[in-house]
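Notes for the one structure printed next.
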Ligand SMILES: [Zn+2]
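Residue numbers (this note's numbering): 583 to 919.
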């Protein structure tokens, strides 16, 4: 009689469990069968009325029923919970895609690339050289007198006796002249170092691009034509320009090139120090002494050279007021270019 009752409860539970579709229904099932006042507990209550000799057998059956009910209840509970998590994970195809930040070239790299591109169009190749140089390549071969002030510890980072961090990209010109026969048309971009106080206008490390042309019939007129073409390509075809006489140890004659101030249009302002002009580069005909030092016959060949600071160039073109911002990696600055 009692055993039949147990079988009936077991079947009834199977039936009820099969009909459960949500966690809410499962909770109703738990209350019905497994709570303190549930059907299974009720059967254990009735065990006390069972004749003593039948108690062990019926007790075992009851325990088995309780395990069966609770095991199957838990299986369905876990299954329903997993399905619930899966439902929350469903992808909403109507949401906009997540945006990825794209990297870009640093504005100094972009500036060098643009300069290289313009000179490439005029037949210039690009050369690079070491940043750690000997005194010979950085100064001596370039006609710097032994007592030239640029050799002073104030300006140059000496690494060891006769070895230094190059103060300009000109030693690459020496290396090109020593390793290649004329005609030469080359530009040389790179990092240079000066022991200067860091301020809005100067930094202890910056970049230069220099150019070198060596051939049999090179004139100052060609130098001017090349640089004017470059300046108009880079800064805009409307600019006015002028060349001023200057001095560099490695060129003779030497000049500096100015363009009209882009801020005031030549009227005079703070940026151009009220002159209306902005200096953009230095240039000149290669000094015969430098040609001789590099194994090139100055009776047969002549050449011109020029150089500009990349930071200064980018500052002029994009109206950047402080050189230090190029090296701070401030995302707000970098992503403007
Ligand atoms: Zn101005």
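The beta-carbon is built from N, C-alpha and C at its ideal position, and this holds for glycine as well.
1) Take the Cβ of residue 690 as the centre, count every other Cβ of all protein chains shown within 10 Å, and call the residue buried at 16 or more, exposed below.
2) Please classify residue 677 as buried or exposed, where buried requires at least 16 neighbouring CB atoms within 10 angstroms.
3) According to DSSP, simplified to helix, strand and coil, what is residue 734?
4) Which residues mark the beginning and the end of the alpha helix (DSSP H) in which residue 624 is found?
5) How about residue 684 and residue 715: do their beta carbons lie closer than 8 Å?
6) Looking at C-beta atoms only, is the number of pairs between the stretch 703 to 715 and the stretch 910 to 917 that lie closer than 8 Å three or more?
7) Is the CB-CB distance between residue 697 and residue 816 below 8 Å?
8) Can you name the start and end residues of the alpha helix (DSSP H) that residue 754 belongs to?
9) Measuring only from the beta carbon, is residue 818 closer than 7 Å to any heavy atom that is part of ligand 2?
10) Do the stretch 611 to 627 and the stretch 588 to 597 meet, that is, are 3 or more Cβ pairs less than 8 Å apart?
11) For the alpha helix (DSSP H) containing residue 535, name the first residue and the last one.
12) Would you list the residues sitting across from residue 826 in a DSSP beta bridge?
13) Please report the distance separating the alpha-carbon of residue 609 from that of residue 913.
14) Am I right that residue 768 and residue 706 are in contact with their C-beta atoms under 8 Å? What's the rounded C-beta distance?
15) Could you tell me whether the stretch 854 to 869 touches the stretch 885 to 894, where touching means 3 or more Cβ pairs closer than 8 Å?
16) Near residue 880, what residues of its chain come up, given a Cβ to Cβ distance below 7 Å and the 5 sequence neighbours on each side ignored?
17) By a C-beta neighbour count over all protein chains shown, 10 Å radius and 16 as the cutoff for buried, is residue 779 buried or exposed?
18) How would you call residue 725, buried or exposed, if buried means at least 16 neighbouring beta carbons within 10 angstroms?
19) Grab me the residues of residue 856's own chain with a C-beta within less than 8 Å of its C-beta, minus the 5 sequence neighbours each way, in chain order.
20) With burial defined as no fewer than 16 other Cβ atoms inside 10 Å of the residue's Cβ, what is the status of residue 723: buried or exposed?
21) Ligand 1 and residue 689: does the residue's C-beta get closer than 7 Å to at least one heavy atom of that ligand?
22) Taking contact to mean at least 3 C-beta pairs separated by less than 8 Å, is the stretch 758 to 777 in contact with the stretch 835 to 853?
23) Can you tell me whether residue 719 is buried or exposed, with buried defined as 16 or more other CB within 10 angstroms of its CB?
24) Grab me the residues of residue 784's own chain with a C-beta within less than 8 Å of its C-beta, minus the 5 sequence neighbours each way, in chain order.
25) In three-state DSSP terms, what is residue 813?
26) If you follow the beta strand (DSSP E) that residue 867 is part of, which residue opens it and which one closes it?
27) Helix, strand or coil for residue 716? Go by DSSP, reduced to three states.
28) Go through its chain and collect everything with a Cβ distance to residue 750's Cβ below 8 Å, but skip five positions before and after it.
29) Flag residue 845 as yes when its Cβ comes closer than 7 Å to any non-hydrogen atom of ligand 1, and as no otherwise.
30) Residue 629 and residue 591 - do their beta-carbons sit closer together than 8 Å?
31) Spell out the partners DSSP gives residue 888 in its beta bridges.
32) Would you give the residue range spanned by the beta strand (DSSP E) that residue 742 belongs to?
For this structure:
1) As a position in the chain shown, residue 690 is number 108, starting the count at 1. Answer is buried; the Cβ neighbour count reaches 16.
2) For the purposes of this step, residue 677 is identified with residue 95 of the chain shown, where counting begins at 1. The residue is exposed, with fewer than 16 neighbouring Cβ atoms inside 10 Å.
3) For the purposes of this step, residue 734 is taken as the residue at position 152 of the chain shown. Reduced to three states, the DSSP call for residue 734 is coil.
4) Start at 1 with the first residue of the chain shown, and residue 624 comes out as number 42. First-last of the alpha helix (DSSP H) with residue 624: 621 to 628.
5) Counting from 1 along the chain shown, the entry for residue 684 is found at position 102. Counting from 1 along the chain shown, the entry for residue 715 is found at position 133. Not closer than 8 Å, so no.
6) no
7) Residue numbering aside, residue 697 sits at position 115 when the chain shown is read from its first letter. Residue numbering aside, residue 816 sits at position 234 when the chain shown is read from its first letter. In this structure, residue 816 lies closer than 8 Å to residue 697 by Cβ.
8) As a position in the chain shown, residue 754 is number 172, starting the count at 1. It spans 752 to 761 - the alpha helix (DSSP H) in which residue 754 sits, taken as one unbroken run.
9) Within the structure as shown, ligand 2 is missing, the only ligands being ligand 1.
10) The stretch 611 to 627 is in contact with the stretch 588 to 597.
11) Nothing in the structure corresponds to residue 535, since the chain is present only between 583 and 919.
12) Translated into positions along the chain shown, residue 826 becomes position 244. 838, per the DSSP bridge assignment.
13) For the purposes of this step, residue 609 is taken as residue 27 along the chain shown, with counting starting at 1. For the purposes of this step, residue 913 is taken as residue 331 along the chain shown, with counting starting at 1. So the alpha carbons of these two residues sit roughly 55 Å apart.
14) For this step, residue 768 is matched to residue 186 along the chain shown. For this step, residue 706 is matched to residue 124 along the chain shown. Rounded, the Cβ-Cβ distance is 6 Å, consistent with contact.
15) The stretch 854 to 869 vs the stretch 885 to 894: in contact.
16) Against the chain shown, residue 880 aligns to sequence position 298. So the list reads 870, 873, 874, once near-sequence residues are dropped.
17) Translated into positions along the chain shown, residue 779 becomes position 197. By the 10 Å Cβ count, residue 779 comes out exposed.
18) Position 143 of the chain shown holds residue 725. The residue is buried, with at least 16 neighbouring Cβ atoms inside 10 Å.
19) Indexing the chain shown from 1 puts residue 856 at position 274. Closer than 8 Å at Cβ, skipping near neighbours: 850.
20) Taking the chain shown and counting its residues from 1, the one referred to as residue 723 is at position 141. Per the 10 Å Cβ criterion, buried.
21) Counting from 1 along the chain shown, the entry for residue 689 is found at position 107. Checking every heavy atom of ligand 1 against the Cβ of residue 689, none is found closer than 7 Å.
22) Flag = no, the stretch 758 to 777 and the stretch 835 to 853 do not touch.
23) Reading the chain shown from its first residue, position 137 is the one you call residue 719. Buried: at least 16 other Cβ atoms inside 10 Å.
24) In the chain shown, counting from the first residue as 1, residue 784 sits at position 202. Counting only Cβ-Cβ distances below 8 Å, and skipping sequence neighbours, we find 776, 778, 905.
25) Stepping through the chain shown from its first residue, residue 813 is reached at position 231. Helix.
26) Within the chain shown, numbered from 1, the residue matching residue 867 stands at position 285. Counting along the chain, the beta strand (DSSP E) containing residue 867 begins and ends at 859 to 868.
27) Along the chain shown, one-based indexing puts residue 716 at 134. Three-state DSSP puts residue 716 in a strand.
28) Taking the chain shown and counting its residues from 1, the one referred to as residue 750 is at position 168. The answer, listed in chain order, is 720, 774, 790, 792, 889.
29) Start at 1 with the first residue of the chain shown, and residue 845 comes out as number 263. At least one heavy atom of ligand 1 is nearer than 7 Å to the Cβ of residue 845, so yes.
30) As a working mapping, residue 591 is identified with position 9 in the chain shown. As a working mapping, residue 629 is identified with position 47 in the chain shown. Judged by beta-carbon spacing, residue 629 lies beyond the 8 Å limit of residue 591, meaning their Cβ atoms are not closer than that value.
31) Here residue 888 is taken as the residue at index 306 of the chain shown, counted from 1. BP columns for residue 888 point to 793, 865.
32) Counting from 1 along the chain shown, the entry for residue 742 is found at position 160. 740 to 742 is the span of the beta strand (DSSP E), which, as asked, contains residue 742.
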